[in-house]
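As structure tokens, the structure follows; a few thoughts come after it.
Residue numbers (the UniProt record's numbering): 1 to 377.
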């Protein structure tokens, strides 16, 4: 594998498989965010950024497969006379080199698009926390990295820019991309490491269901694979510069990054799906064991009468044992109502067992009452 480029068929199969999984996860993200935001029209900026990023990611996979059918201006020096003797080969290599330019830009934009979405999510999660300053610094670092990479690519490592598709190039960096790869790897891996570090303290102190923590930890595990794939594509770029093995790892890195950024938003959808499944399971279990379940406040007609629920018993008990002194309305006192919450439940009253038509409305009100200083005088 280290010295042989992958066959076009292998690249096509990997691209189709990874993209098929990715499109399902991306659609799931949009559905989940529509559920949590109250409709598809209420999608947020990062959802639109991810949609554009997914389009760029799709273009990346297409360009990788086109590139697999063409050679580039990267070749051994002893091959030069043979290449120059065939104008068609020269033209194909020029075209292949231009495809690589688009491929590299799509890889960069896809990678940084995912980072932008993750930073936007962390920005909202940490807005009222001390970690928000760290997220601000990370956001600035991500922007800085993108600007530096683009400047060095277009204006530093290969001048003039047309040398990127020259056959042969005067500067080998226009063909090997090794200096560019180093710059991109430094900013990419360092920012990824920071993004993986942020959720750890948040998960440690978060009060959330265990299954949600397990889901998020699993997604973070995919984030580690993204970093491994990024390291491997740079390794093969240096170890086997005359092959396109790095493109296999481009597919894997970009695809897994798309998975991570979109799976982070799947919880509302999973809760909706799993919630229905758990409700159906509970209903079947309760019916099987002779205890049909029904929501609070709904009449059970098995015995032809009703009994006050536990909530109603608690309400009666709490009403008879007030924690504040009872005073009549005519007494000289001043009270300030600071908070109140109410909950109503409609049930049949405990009256005549034969009665089924009358309704009893229970109104639960919690008060927090403060007596003013003037009233005590």
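A virtual CB, placed ideally from N, CA and C, is assigned to each residue, including glycine.
It should be emphasised that the depicted structure is a prediction, and the values quoted were computed from it without experimental measurement.
| query | result |
| --- | --- |
| Cα separation between residue 115 and residue 85? | 46 Å |
| Out of 81, 112 and 8, state which residue places its alpha-carbon closest to the alpha-carbon of residue 63. | 8 |
| Should the stretch 62–82 be called in touch with the stretch 160–170, which here means at least 3 C-beta pairs below 8 Å? | yes |
| Which residues in the same chain as residue 242 place their Cβ atom closer than 8 Å to its Cβ, once the five residues preceding and following it in sequence are excluded? | 74, 75 and 76 |
| Between residue 164 and residue 179, is the Cβ-Cβ spacing less than 8 Å? | no |
| Apply the 10 Å Cβ neighbour rule to residue 48 and answer buried if 16 or more other Cβ atoms are within range, or exposed otherwise. | exposed |
| Residue 199: buried (16+ other C-beta within 10 angstroms of its C-beta) or exposed? | buried |
| Does residue 96 pass the burial test, meaning 16 or more other C-beta atoms within 10 Å, or should it be called exposed? | buried |
| Looking only at its own chain, which residues have a Cβ that is under 8 Å from the Cβ of residue 58, when we skip the five neighbours before and after it? | 19 |
| So what's residue 3 in DSSP terms, helix, strand or just coil? | coil |
| Between the Cα of residue 46 and those of 87, 119, 11 and 5, spot the shortest distance and give me the residue it belongs to. | 119 |
| Between the beta-carbon of residue 236 and the beta-carbon of residue 250, is there less than 8 Å? | no |
| Got a sec, what are the start and stop residues for the alpha helix (DSSP H) residue 14 sits in? | 8–37 |
| How many whole angstroms separate the CB atoms of residue 378 and residue 56, which I take to be in contact at a CB cut-off of 8 Å? | No answer is possible for residue 378: the residues shown for the chain start at 1 and end at 377. |
| Starting from residue 176 and walking both ways along the alpha helix (DSSP H), at which residues does that stretch end? | 173–176 |
| Within this structure, are the beta carbons of residue 33 and residue 265 separated by less than 8 Å? | yes |
| By how many angstroms is the C-alpha of residue 244 removed from the C-alpha of residue 92? | 16 Å |
| I believe residue 99 touches residue 90 by the beta-carbon criterion, under 8 Å. Please report the beta-carbon distance rounded to the nearest angstrom. | At roughly 15 Å, the Cβ-Cβ gap does not stay under 8 Å, so residue 99 and residue 90 are not in contact. |
| Just checking my contact of residue 185 with residue 230 at CB under 8 Å: how many whole Å lie between their CB atoms? | 7 Å |
| Let's see if you can read the secondary structure: which residues bound the alpha helix (DSSP H) around residue 47? | 45–67 |
| With hydrogens ignored, establish whether the beta-carbon of residue 76 is closer than 7 Å to any heavy atom of the ligand COA. | The model depicted lacks the ligand COA and carries no ligand whatsoever. |
| According to the neighbour-count rule (16 or more other Cβ atoms, all chains shown, within 10 Å of its Cβ), is residue 233 buried or exposed? | buried |
| Take residue 14 as the anchor and find which of 172, 60 and 81 has the nearest alpha-carbon. | 60 |
| In whole angstroms, what is the alpha-carbon distance linking residue 378 and residue 191? | Residue 378 is absent from the structure shown; the chain starts at 1 and stops at 377. |
| Return helix, strand or coil for residue 236, following the three-state DSSP convention. | helix |
| Can you tell me where the alpha helix (DSSP H) holding residue 107 begins and where it ends? | 87–125 |
| If residue 261 and residue 117 are in contact, beta carbons under 8 Å, what's the gap, nearest whole angstrom? | 5 Å |
| In chain order, what residues of the same chain have a beta carbon less than 7 Å from the beta carbon of residue 110, not counting five sequence neighbours either side? | 53, 56, 57, 60 and 254 |
| Compute the Euclidean distance between the alpha carbons of residue 259 and residue 25, then round it to the nearest angstrom. | 6 Å |
| Where do the N-terminal and C-terminal ends of the alpha helix (DSSP H) with residue 81 fall, by residue? | 80–84 |
| Do residue 183 and residue 152 count as a contact pair if the criterion is CB distance below 8 Å? | yes |
| Take residue 220 and list the residues in its own chain whose beta-carbon comes closer than 7 Å to its own, dropping the five residues that flank it on each side. | 196 and 199 |
| From residue 103 to residue 71, what distance separates their C-alpha atoms? | 14 Å |
| Starting from the Cα of residue 135, find the closest Cα among 123, 239 and 128 and give me that residue. | 123 |
| With distances taken Cα to Cα, identify the nearest neighbour of residue 12 among 3, 68 and 30. | 68 |
| What's the gap between the Cα of residue 10 and the Cα of residue 127? | 45 Å |
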